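Chains as they are written, first to last, in the numbering used here: chain A, 1 to 70; chain B, 71 to 237.
Here is the structure:
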């Protein structure tokens with residue numbers, strides 16, 4: 001078995017996907033990536049930086065490969 | 071705040087200069103923890119036996135794993151952290167060790183080969199551009215870095231061009 005494209009062409013539009021994350025998920029992601037930035041766990045600090053709530057560490061990584069990998 | 075011409079000049083001196091760092095061996099436990107953290111359950115990322123049956127030496131890393139990890143060092147002591155909680159010794163050439171706040175501003179990744187646990191990975195970093203931009207919270211600097219990750223044979227595994235915002 002190997003990773004191969006599934007027939008998607010470059011530039012093809014993918015269906016929108018909605019992700020909802022919990023504080024625990026955000027914390028685990030930060031821990032797994034050694035991300036200590038305060039905007040991810042201090043709501044007040046994030047607010048002073050112009051961010052509403054706590055900032056999610058990165059765009060959804062979970063199913064990034066779904067459309068293109070087996 | 072310390073964003074001024076001297077910070078921008080320091081960044082611009084680094085444009086085009088390549089920095090090379092051996093990140094070390096990508097361990098299976100870190101790969102599996104990352105997979106768990108992002109809710110990834112595919113066996114190629116989580117089950118060594120299955121990955122080996124598929125022809126890999128061990129599990130392979132989810133696509134964004136290598137670039138998502140902030141540091142590959144054991145971690146800085148507390149007094150080497152910036153005010154924003156990030157480590158002062160980042161791999162961001164030209165960024166002062168203190169008195170600037172850092173935020174990610176987007177990333178474009180190109181995947182070439184799977185990153186298999188057990189692989190020793192080397193990262194080459196080049197600052198591509200640095201410029202000043204106005205924002206609602208005052209001036210900020212925008213820096214674009216290219217990171218290229220290779221295996222010991224020099225094979226490119228993936229490339230990342232990311233934008234870093236400095237205030």
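For each residue, glycine too, the CB sits at the ideal point set by N, CA and C.
Remember, it's a predicted structure, so these values are computed and weren't measured experimentally.
Residue i, enclosing beta strand (DSSP E) - first and last residue
| i | result |
| --- | --- |
| residue 193 (chain B) | 190-205 |
| residue 14 (chain A) | Run containing residue 14 (chain A): none; DSSP gives neither H nor E here. |
| residue 217 (chain B) | 208-220 |
| residue 227 (chain B) | 226-236 |
| residue 93 (chain B) | 88-95 |
For residue i, the nearest candidate out of the options (CA to CA)
| i | options | result |
| --- | --- | --- |
| residue 82 (chain B) | B:196, B:237, B:209 and B:207 | B:196 |
| residue 75 (chain B) | B:234, B:166, B:182 and B:226 | B:166 |
| residue 178 (chain B) | B:232, B:98 and B:96 | B:232 |
| residue 127 (chain B) | B:118, B:78, B:135 and B:134 | B:118 |
| residue 235 (chain B) | B:154, B:210 and B:84 | B:210 |
| residue 86 (chain B) | B:101, B:154, B:216 and B:205 | B:216 |
| residue 175 (chain B) | B:111, B:221 and B:214 | B:214 |
| residue 84 (chain B) | B:161, B:142, B:102 and B:133 | B:161 |
| residue 72 (chain A) | B:185, B:221 and B:173 | What is shown of chain A runs 1 to 70, which leaves residue 72 (chain A) out entirely. |
| residue 143 (chain B) | B:112, B:153 and B:94 | B:94 |
| residue 152 (chain B) | B:168, B:141 and B:110 | B:168 |
| residue 89 (chain B) | B:208, B:222 and B:198 | B:198 |
| residue 230 (chain B) | B:111, B:155, B:79 and B:133 | B:133 |
| residue 185 (chain B) | B:154, B:222 and B:80 | B:222 |
Per-residue burial, residue i [other beta carbons within 10 Å of its own, 16 or more giving buried]
| i | result |
| --- | --- |
| residue 164 (chain B) | buried |
| residue 159 (chain B) | exposed |
| residue 92 (chain B) | exposed |
| residue 66 (chain A) | The pLDDT assigned to residue 66 (chain A) is 45, lower than 50, so where the model puts this residue is not dependable, and the model offers no usable value. |
| residue 48 (chain A) | exposed |
| residue 157 (chain B) | buried |
| residue 62 (chain A) | Note that residue 62 (chain A) scores 48 on pLDDT, short of 50, meaning its location in the model is unreliable and no value can be drawn from it. |
| residue 4 (chain A) | Because residue 4 (chain A) sits at a pLDDT of 46, beneath the cut-off of 50, its placement in the model cannot be relied upon, and the point is left open. |
| residue 17 (chain A) | exposed |
| residue 101 (chain B) | buried |
| residue 30 (chain A) | buried |
| residue 200 (chain B) | buried |
| residue 111 (chain B) | exposed |
Whole-Å CB distance - residue i paired with residue j, under 8 Å assumed
| i | j | result |
| --- | --- | --- |
| residue 191 (chain B) | residue 34 (chain A) | Actually they do not touch by this definition, with Cβ atoms about 16 Å apart. |
| residue 123 (chain B) | residue 187 (chain B) | Not quite, the Cβ-Cβ distance comes to about 15 Å (not below 8 Å), so this is no contact. |
| residue 189 (chain B) | residue 96 (chain B) | 5 Å |
| residue 136 (chain B) | residue 228 (chain B) | 7 Å |
| residue 32 (chain A) | residue 104 (chain B) | 5 Å |
Where residue i meets chain D, residues with beta-carbon distance less than 9 Å
| i | result |
| --- | --- |
| residue 206 (chain B) | Looking for chain D here will not work: the only protein chains present are A and B. |
Distance CB(residue i)-CB(residue j) smaller than 8 Å
| i | j | result |
| --- | --- | --- |
| residue 77 (chain B) | residue 170 (chain B) | yes |
| residue 203 (chain B) | residue 219 (chain B) | no |
| residue 37 (chain A) | residue 26 (chain A) | no |
| residue 206 (chain B) | residue 73 (chain B) | no |
| residue 106 (chain B) | residue 114 (chain B) | no |
| residue 129 (chain B) | residue 183 (chain B) | no |
N- and C-terminal bounds of the alpha helix (DSSP H) containing residue i
| i | result |
| --- | --- |
| residue 148 (chain B) | Careful: residue 148 (chain B) lies outside any alpha helix (DSSP H) and carries neither H nor E. |
| residue 176 (chain B) | Segment 172-181 is the beta strand (DSSP E) holding residue 176 (chain B); no alpha helix (DSSP H) there. |
| residue 30 (chain A) | 23-32 |
| residue 48 (chain A) | 43-48 |
| residue 80 (chain B) | 75-84 |
| residue 100 (chain B) | 98-107 |
| residue 113 (chain B) | 113-116 |
| residue 137 (chain B) | 135-138 |
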